[in-house]
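*Asks:* Here the protein sequences come in this chain order: A and B.
Under the UniProt record's numbering, the first residue of the first sequence is numbered 1, with each subsequent residue one higher.
Under the UniProt record's numbering, the first residue of the second sequence is numbered 1, with each subsequent residue one higher.
Handing you a structure now.
Protein chains: 2
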Amino acid sequence: MRLLACATTLVVAALIGACAGTQEAPAVAGTPAAQTMPAASAVLPSWREGRARDAIVKFVNDVTREGSPTYVPPDERIAVFDNDGTLWSEQPLYFQFMFLLDEVRAAAPKHPEWRDNPAFLALAAHDQAALEDHKKELIKLIAVANSGMTVDEYDSAIRAWLASAKHPTLHRPYTQLVYQPQLELLAYLRANGFKTFIVSGGTIEFMRVFAERVYGIPPEQVIGSSQVVKYEMRDGKPTLIREPKLDFVDDGPGKPVGIYRNIGKKPVLAFGNSDGDLQMLQYTAGQTGPHLALLVHHDDAAREFAYDRQSKIGKLDRAWDEALAKGWVVVSMKDDWNVIYPSAAGQ
Amino acid sequence: MRLLACATTLVVAALIGACAGTQEAPAVAGTPAAQTMPAASAVLPSWREGRARDAIVKFVNDVTREGSPTYVPPDERIAVFDNDGTLWSEQPLYFQFMFLLDEVRAAAPKHPEWRDNPAFLALAAHDQAALEDHKKELIKLIAVANSGMTVDEYDSAIRAWLASAKHPTLHRPYTQLVYQPQLELLAYLRANGFKTFIVSGGTIEFMRVFAERVYGIPPEQVIGSSQVVKYEMRDGKPTLIREPKLDFVDDGPGKPVGIYRNIGKKPVLAFGNSDGDLQMLQYTAGQTGPHLALLVHHDDAAREFAYDRQSKIGKLDRAWDEALAKGWVVVSMKDDWNVIYPSAAGQ
């Protein structure tokens with residue numbers, strides 16, 4: 001799949017680039033703490049004892065303790081999570097982008113004019129260098145391939161793809177590549193009155209198809225990038241049609257904007273994994289009241305992937321520096337998580 | 001206030017026009033039904049016995065009866081309400097627009113260049129005809145007056161205005177001009193597992209300031225028109241700044257788009273009052289499963305206002321025809337509501 005990593009998504013201009021170059025780096029969090037919060041092993045069984053888990057449990061205890069100065073009323077307990085690389089894997093290429101490329105391939109028979117298109121030829125030939133040369137053309141193909149259909153048709157296409165596609169090297173359905181410790185954290189937060197949201201650079205429709213079933217996050221709590229849709233009556237039926245035009249990029253500085261626009265409250269907890277999450281973390285850490293900012297550090301080449309500063313996908317560089325400078329919690333996959341994927345995935 | 005009604009809002013191009021010409025028209029709903037649903041008078045005390053109340057109670061009973069073919073699971077019980085003219089009054093001019101004009105007046109001392117501006121002179125002189133002639137210029141003034149500030153500053157400005165401003169003819173704070181029967185309906189729906197949303201052409205920030213306190217609808221369930229906001233660090237503090245640029249118009253065909261983008265589920269109940277709600281009602285009525293589409297008809301000149309087909313504000317013409325043709329529930333304020341405003345407002 002490496003060749004695919006050099007293309008560009010339709011929806012997030014920031015994703016332009018080649019696929020992950022991995023780089024090992026020392027873990028930051030995961031230092032065993034002197035004191036473990038009570039019951040942490042019961043509520044977060046896939047989290048190892050350590051600074052990261054302690055910070056989470058302490059924060060939840062703090063904001064739920066009525067009468068304490070750190071108490072936060074339930075309707076302000078807003079927790080926002082990035083998706084790619086934070087709730088599920090993102091290597092060697094954002095799973096959503098794999099879907100988009102598959103859509104281009106699937107649409108090819110209806111587009112004989114693509115026969116001589118250099119981007120399509122590069123895609124068909126798995127020619128990474130040629131794809132790099134024809135990025136802009138590839139974006140146009142993606143736009144054509146996933147526009148013009150109704151949102152219900154698009155929804156079905158995503159469902160069908162997720163039901164059958166498997167990760168190229170891990171050989172599991174993508175929805176089994178979610179992180180077990182994060183599923184536990186989401187449930188733990190909700191059990192403590194938090195409302196959990198996804199705030200991702202990925203498109204809303206792709207995530208919404210599985211977010212409720214897999215993460216327990218309903219569609220109305222999924223914030224993402226979006227393509228313009230247009231309302232029209234088609235054969236007397238009210239219909240929303242996908243237009244080949246970008247609407248909103250929910251990435252980088254777009255994340256606080258998306259949070260403001262869709263939630264209208266400042267989160268008290270934000271969890272990301274890359275520089276695309278920096279502003280969301282800053283915005284959350286800018287809370288005058290209690291708050292918790294966390295980053296997943298992908299440092300586990302054996303069980304998942306190891307990448308950070310040099311990676312084109314999920315690059316963690318500026319946000320890492322800021323986390324270190326400001327004391328945000330950096331979660332080491334290797335040290336802080338004793339399980340990566342749910343056991344249903346065969347782990 | 002008549003002169004103000006001829007200006008244009010910054011956020012909703014469709015609102016251009018003069019203020020409401022009122023017109024009496026025969027009530028459509030409100031015919032006493034042979035059978036009253038049990039307990040309706042207890043849960044909806046401000047709704048008179050009749051077809052409209054019966055339709056609501058029957059629908060709620062239908063979708064909540066487990067095992068019945070009309071059962072709808074709680075997570076699909078999405079109810080969407082227009083705001084202006086559906087949840088509170090909107091005459092002689094959308095209350096939000098009164099705020100925007102007051103903001104222009106308040107900003108004037110900081111803008112000596114407005115001294116000779118024909119739109120500002122018309123506004124200051126309450127010269128309706130001149131305002132009509134300088135609509136575009138007025139929009140620019142509004143854009144300048146409510147841009148450049150942080151979202152928190154803007155939020156404070158709205159709060160301050162709502163706390164002190166009073167309706168020009170009804171002499172009550174605007175937040176006391178909400179409809180008591182609708183407050184009961186919102187509570188009744190929520191008690192029956194519905195999630196209630198506002199889907200309005202008004203801007204989200206204006207509604208969010210009072211929607212939770214007054215309607216019980218939290219900010220994340222308010223969908224509206226929006227202006228572009230930009231993330232930036234200001235004095236080391238993460239900040240969202242208002243830009244003088246329209247982002248999204250949540251009116252007319254924009255309403256199903258806003259619903260799709262922000263909720264991602266098709267509503268089962270939609271309540272509007274004007275042609276701006278037509279597409280939202282069509283979209284909801286396009287549900288294959290159980291659904292209920294309702295319209296408030298403003299036919300109560302004595303207790304509120306009477307206007308419909310000829311009104312520039314809250315025009316009800318095409319949506320009314322479609323409601324009659326399709327059997328949507330048309331709620332007569334005069335016949336179906338025994339109270340208009342909450343008693344705290346002195347009624």
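A virtual CB, placed ideally from N, CA and C, is assigned to each residue, including glycine.
Residue 75(A) CB to nearest chain B CB: under 8 Å?
*Replies:* Numbered from its first residue, the first sequence carries residue 75(A) at position 75. Yes, contact with chain B.
*Asks:* Cβ of residue 135(B) less than 8 Å from any chain A Cβ?
*Replies:* Locating residue 135(B) in the second sequence gives position 135, counting from the first residue. Residue 135(B) does not count as touching chain A.
*Asks:* With 8 Å as the limit, tell me which residues of the region 307-334 of chain B have their beta carbon closer than that to any beta carbon of chain A; keep them in chain order.
*Replies:* Listed by position along the chain: nothing, the set is empty.
*Asks:* Along the chain, which unbroken stretches of the alpha helix (DSSP H) at least 4 residues long are found entirely within the region 168-205 of chain B?
*Replies:* 180-191
*Asks:* In whole angstroms, what is the alpha-carbon distance linking residue 173(B) and residue 273(B)?
*Replies:* As a first step, residue 173(B) is located in the second sequence; it is residue number 173 there, counting from the start. As a first step, residue 273(B) is located in the second sequence; it is residue number 273 there, counting from the start. Looking at the two C-alpha atoms, the distance is approximately 22 Å.
*Asks:* As a quick exercise: from 82(B), 98(B), 331(B) and 107(B), pick the residue whose alpha carbon is nearest that of residue 162(B).
*Replies:* Within the second sequence, numbered from 1, the residue matching residue 162(B) stands at position 162. When only C-alpha atoms are compared, the closest one is 98(B).
*Asks:* Going by beta carbon distance, what residues of the same chain come within less than 7 Å of residue 279(B), once the five residues before and after it are set aside?
*Replies:* Taking the second sequence and counting its residues from 1, the one referred to as residue 279(B) is at position 279. Apart from sequence neighbours up to five positions away, the residues of its chain that approach residue 279(B) with a beta-carbon distance below 7 Å are 252, 253, 255 and 256, ordered along the chain.
*Asks:* Tell me the DSSP secondary structure of residue 307(A) in three-state form.
*Replies:* As a working note, residue 307(A) is residue 307 in the first sequence. Correct three-state label for residue 307(A): coil.
*Asks:* For residue 149(B), write down the residues that DSSP places opposite it in a beta bridge.
*Replies:* Here the question's residue 149(B) lines up with position 149 in the second sequence. Per DSSP, none; premise fails for residue 149(B).
*Asks:* Pick from 259(A), 102(A), 150(A) and 164(A): whose alpha carbon is nearest that of residue 205(A)?
*Replies:* If you number the first sequence from 1, residue 205(A) lands on position 205. The shortest C-alpha separation from residue 205(A) is found at 150(A).
*Asks:* What residues from chain A crowd round residue 220(B), counting only those whose CB sits closer than 9 Å?
*Replies:* Sequence index remark: in the second sequence, residue 220(B) carries index 220 (1-based). Residues of chain A passing the Cβ test: 78, 195, 197, 220, 221, 262, 263, 264 and 265.
*Asks:* Against chain A, which members of the region 203-214 of chain B pass a CB distance test of less than 7 Å?
*Replies:* 204 and 208
*Asks:* Hey, could you find the ends of the beta strand (DSSP E) residue 56(B) is sitting in?
*Replies:* For this step, residue 56(B) is matched to residue 56 along the second sequence. Segment 51-64 is the alpha helix (DSSP H) holding residue 56(B); no beta strand (DSSP E) there.
*Asks:* Name the two residues that bound the continuous alpha helix (DSSP H) containing residue 259(A).
*Replies:* Residue mapping note: residue 259(A) aligns to position 259 of the first sequence, counting from 1. Taken as a continuous stretch (DSSP letters only), the alpha helix (DSSP H) holding residue 259(A) covers 254-262.
*Asks:* Determine the burial state of residue 341(A): buried for a count of at least 16 other Cβ atoms within 10 Å of its Cβ, exposed for fewer.
*Replies:* The residue you call residue 341(A) lines up with position 341 of the first sequence. Classification for residue 341(A): buried.
*Asks:* Please list the residues of the region 247-259 of chain B that have a C-beta atom closer than 7 Å to any C-beta atom in chain A, keeping them in chain order.
*Replies:* 253, 256 and 257
*Asks:* Report yes or no: is there a C-beta of chain A within less than 8 Å of the C-beta of residue 342(B)?
*Replies:* By 1-based counting over the second sequence, the position of residue 342(B) is 342. It does not: the Cβ of residue 342(B) has no partner Cβ on chain A nearer than 8 Å.
*Asks:* Measure the CB-CB distance between residue 96(A) and residue 258(A) and report whether it falls below 8 Å.
*Replies:* In the first sequence, residue 96(A) corresponds to position 96, counting from 1. In the first sequence, residue 258(A) corresponds to position 258, counting from 1. No. Outside cutoff.
*Asks:* Measure the alpha-carbon distance for residue 158(A) versus residue 165(A) and round it to whole angstroms.
*Replies:* In the first sequence, residue 158(A) corresponds to position 158, counting from 1. In the first sequence, residue 165(A) corresponds to position 165, counting from 1. If you take the alpha carbons of residue 158(A) and residue 165(A), they lie about 10 Å apart.
*Asks:* DSSP three-state label for residue 104(B), please.
*Replies:* As a working note, residue 104(B) is residue 104 in the second sequence. In the structure shown, residue 104(B) sits in a helix (DSSP, three-state: H, G or I).
*Asks:* Reducing DSSP to helix, strand and coil, say where residue 242(A) ends up.
*Replies:* Position 242 of the first sequence, counted from the first residue, corresponds to residue 242(A). Correct three-state label for residue 242(A): strand.
*Asks:* Say whether chain B places a C-beta atom closer than 8 Å to the C-beta of residue 240(A).
*Replies:* As a working mapping, residue 240(A) is identified with position 240 in the first sequence. Yes, residue 240(A) lies at the interface with chain B (some Cβ there is under 8 Å from its Cβ).
*Asks:* Can you give me the start and stop residues for the alpha helix (DSSP H) that residue 43(A) sits inside?
*Replies:* Position 43 of the first sequence, counted from the start, is the residue given in the question as residue 43(A). It spans 40-43 - the alpha helix (DSSP H) in which residue 43(A) sits, taken as one unbroken run.
*Asks:* Just verifying my parser: in three-state terms, what is the DSSP assignment at residue 274(A)?
*Replies:* If you number the first sequence from 1, residue 274(A) lands on position 274. In this structure, residue 274(A) counts as coil in the three-state DSSP scheme.
*Asks:* Between residue 279(B) and chain A, is any beta-carbon pair separated by less than 8 Å?
*Replies:* Locating residue 279(B) in the second sequence gives position 279, counting from the first residue. True, the Cβ-Cβ gap to chain A drops below 8 Å.
*Asks:* On the DSSP bridge list, what partners appear for residue 226(A)?
*Replies:* Position 226 of the first sequence holds residue 226(A). Answer is 248(A), bridged to residue 226(A).
*Asks:* Return helix, strand or coil for residue 77(B), following the three-state DSSP convention.
*Replies:* Within the second sequence, residue 77(B) is the residue found at index 77, counting from 1. The answer is coil: DSSP assigns residue 77(B) none of H, G, I, E or B.
*Asks:* Closer than 8 Å by beta-carbon distance: list the chain A residues that pair up with residue 237(B), in chain order.
*Replies:* Stepping through the second sequence from its first residue, residue 237(B) is reached at position 237. Ordered by position in chain A, the residues that pass the 8 Å Cβ test against residue 237(B) are 286.
*Asks:* Give me the residue from 313(A), 236(A), 156(A) and 343(A) with the minimum Cα distance to residue 91(A).
*Replies:* The residue labelled residue 91(A) in the question sits at position 91 within the first sequence. Looking at the Cα atoms, 313(A) is the closest of the given residues.
*Asks:* So with CB distances below 8 Å, who are the chain A contacts of residue 282(B)?
*Replies:* Position 282 of the second sequence, counting from 1, holds the residue named residue 282(B). Per Cβ cutoff of 8 Å: 233 and 238.
*Asks:* For residue 247(B), which of 110(B), 181(B), 283(B) and 225(B) has the nearest alpha-carbon?
*Replies:* Residue 247(B) sits at position 247 when you count from the first residue of the second sequence. For the residues 110(B), 181(B), 283(B) and 225(B), the minimum Cα distance to residue 247(B) belongs to 225(B).
*Asks:* Which same chain residues end up closer than 7 Å to residue 338(B) when comparing Cβ atoms and leaving out the 5 residues on each side of it in sequence?
*Replies:* As a position in the second sequence, residue 338(B) is number 338, starting the count at 1. Taken in chain order, the residues that qualify are 46 and 48.
*Asks:* For the beta strand (DSSP E) holding residue 295(B), just list the boundary residues, first then last.
*Replies:* Here residue 295(B) corresponds to residue number 295 of the second sequence, with the count starting at 1. That run of the beta strand (DSSP E) goes 292-297.
*Asks:* So, does the CB of residue 151(B) fall closer than 8 Å to a CB anywhere in chain A?
*Replies:* By 1-based counting over the second sequence, the position of residue 151(B) is 151. Closer than 8 Å to some Cβ of chain A, the Cβ of residue 151(B) qualifies, so yes.
*Asks:* Taking the DSSP output, what are the residues bridged to residue 84(A)?
*Replies:* Taking the first residue of the first sequence as position 1, residue 84(A) is located at position 84. DSSP output for residue 84(A) lists 88(A) as bridge partner(s).
*Asks:* Contact criterion: CB-CB distance below 8 Å. Does residue 226(B) meet it with respect to chain A?
*Replies:* Counting from one through the second sequence, the residue named residue 226(B) turns up at place 226. By this cut-off, residue 226(B) is an interface position.
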